[in-house]
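K.L.:
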Amino acid sequence: MEPTRIVVLVSGRGTNLQALLDACMQSHIPARAVAVVSNVPGAEAIKRANRAGVPTVVLDHKTFESRDDFEEALQKHIDSRRPDLVVLAGFMRRLGKNFVEHYRDRIINIHPSLLPAFPGMHVHERVIQAGARFSGCTVHFVRPELDSGPIILQVALPVHPDDNSNTLAKRVLEVEQGSIVQAVTWFAENRLEIVNEKVLVHE
Numbered sequence: 630m631e632p633t634r635i636v637v638l639v640s641g642r643g644t645n646l647q648a649l650l651d652a653c654m655q656s657h658i659p660a661r662a663v664a665v666v667s668n669v670p671g672a673e674a675i676k677r678a679n680r681a682g683v684p685t686v687v688l689d690h691k692t693f694e695s696r697d698d699f700e701e702a703l704q705k706h707i708d709s710r711r712p713d714l715v716v717l718a719g720f721m722r723r724l725g726k727n728f729v730e731h732y733r734d735r736i737i738n739i740h741p742s743l744l745p746a747f748p749g750m751h752v753h754e755r756v757i758q759a760g761a762r763f764s765g766c767t768v769h770f771v772r773p774e775l776d777s778g779p780i781i782l783q784v785a786l787p788v789h790p791d792d793n794s795n796t797l798a799k800r801v802l803e804v805e806q807g808s809i810v811q812a813v814t815w816f817a818e819n820r821l822e823i824v825n826e827k828v829l830v831h832e
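What the sequence shown shows, in our numbering, is residues 630 to 832, in sequence order.
1) When you compare the CB positions of valine 828 and phenylalanine 720, do they come within less than 8 Å of one another, or not?
2) Tell me lysine 726's beta-bridge partners as DSSP assigns them.
3) Quick check: what's the CA-CA separation for asparagine 645 versus glutamine 806?
4) Could you tell me the alpha carbon to alpha carbon distance between arginine 710 and valine 636, rounded to whole angstroms?
5) Going by the CB atoms, is the gap between isoleucine 781 and isoleucine 843 shorter than 8 Å?
6) List the whole-angstrom C-beta distance separating isoleucine 739 from alanine 761, where the pair is believed to meet the contact cut-off of C-beta under 8 Å.
7) State the Cα-Cα distance for the pair valine 686 and valine 716, rounded to the nearest angstrom.
8) Looking at the structure shown, is arginine 710 part of a helix, part of a strand, or coil, going by DSSP?
9) Spell out the partners DSSP gives glutamate 822 in its beta bridges.
10) Apart from the five residues just before and just after aspartate 609, which ones in its own chain have a Cβ nearer than 7 Å to its Cβ?
11) For valine 813 and leucine 688, I'd like the C-alpha separation in whole angstroms.
12) To the nearest angstrom, how far is the alpha carbon of proline 741 from that of histidine 706?
13) Pull up the DSSP beta-bridge partners for phenylalanine 763, would you.
14) Among Phe747, Ala660, Gln811 and Val788, which residue has its Cα nearest to the Cα of proline 712?
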């Protein structure tokens with residue numbers, strides 16, 4: 630059986646990407662990264678992919694005249710790699726409906742909160758300000774609405790009384806890495822089924 634082909638979209642440091650690359654290289658999951666695409670030139674994530682020998686593409690969204698032009702180019706590059714799964718691992722651009730629907734049920738995202746709570750940006754600051762008792766991360770299939778879609782898994786963490794946005798972000802990031810690897814593993818093993826916009830994980 631051929632490994633699941635994944636394309637990873639990134640914008641930043643690439644810590645979740647690194648977790649995926651390590652798991653693939655160590656054969657912990659039946660998948661391999663066939664490309665890493667960044668919309669930010671010089672992103673650390675691209676350097677991580679280069680060190681791992683994974684092909685990379687940089688598409689600076691600022692150089693495109695419109696969002697549609699950027700997404701058209703992005704889709705072209707992704708499709709040229711014939712992926713089974715597209716993984717948003719810290720990709721900091723909202724994607725349009727046509728793009729998302731093109732990869733429907735084949736595109737997943739990891740978000741640093743317990744969705745549907747705290748979608749969008751500046752999550753940890755907002756969690757602290759709200760006095761939330763718990764936070765965590767969510768891996769979900771992507772839908773056109775912001776940070777929405779069938780939830781694959783969530784990991785909850787307590788918010789400590791002395792937490793600030795930085796300490797909370799660090800602890801959430803630690804569980805993000807295992808969560809994205811687990812979700813990709815389930816997908817690669819054909820264990821995920823979406824029924825009425827809810828995810829069933831089969832044994």
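Positions of the beta carbon are idealized from the N, C-alpha and C atoms, including for glycine. Every value quoted in this text rests on a predicted model; they were computed, and no experiment measured them.
P.N.:
Taking the definition as stated:
1) Mapped onto the sequence shown, residue 828 falls at position 199. Mapped onto the sequence shown, residue 720 falls at position 91. The answer is no: Cβ separation not under 8 Å.
2) The count along the sequence shown starts at 1 and reaches residue 726 at position 97. According to DSSP, which records beta bridges pairwise, lysine 726 is partnered with nothing at all.
3) What you label residue 645 is simply residue 16 of the sequence shown in a count that begins at 1. What you label residue 806 is simply residue 177 of the sequence shown in a count that begins at 1. Using only the alpha carbons, I get a separation of about 5 Å.
4) Translated into positions along the sequence shown, residue 710 becomes position 81. Translated into positions along the sequence shown, residue 636 becomes position 7. C-alpha separation (whole angstroms): 8 Å.
5) With the chain represented from 630 up to 832, any question about residue 843 goes unanswered, as that position is not in the structure.
6) Here residue 739 is taken as the residue at index 110 of the sequence shown, counted from 1. Here residue 761 is taken as the residue at index 132 of the sequence shown, counted from 1. Not confirmed; about 19 Å, so no contact.
7) Here residue 686 corresponds to residue number 57 of the sequence shown, with the count starting at 1. Here residue 716 corresponds to residue number 87 of the sequence shown, with the count starting at 1. In this structure, the CA atom of valine 686 is about 15 Å from the CA atom of valine 716.
8) Mapped onto the sequence shown, residue 710 falls at position 81. Of the three classes helix, strand and coil, the one that applies to arginine 710 here is coil, per DSSP.
9) Within the sequence shown, residue 822 is the residue found at index 193, counting from 1. For glutamate 822, which the question treats as bridged, DSSP gives the partners Leu829.
10) The chain is shown from 630 up to 832; residue 609 falls before or after that span and cannot be answered.
11) Within the sequence shown, the letter at position 184 stands for residue 813. Within the sequence shown, the letter at position 59 stands for residue 688. Our two residues, valine 813 and leucine 688, have alpha carbons roughly 24 Å apart in a direct line.
12) Against the sequence shown, residue 741 aligns to sequence position 112. Against the sequence shown, residue 706 aligns to sequence position 77. Going from the Cα of proline 741 to the Cα of histidine 706 covers about 27 Å.
13) Here residue 763 is taken as the residue at index 134 of the sequence shown, counted from 1. Answer by DSSP bridge pairing, in chain order: Pro787.
14) Here residue 712 corresponds to residue number 83 of the sequence shown, with the count starting at 1. When the alpha-carbon of proline 712 is set against those of Phe747, Ala660, Gln811 and Val788, the nearest one is in Ala660.
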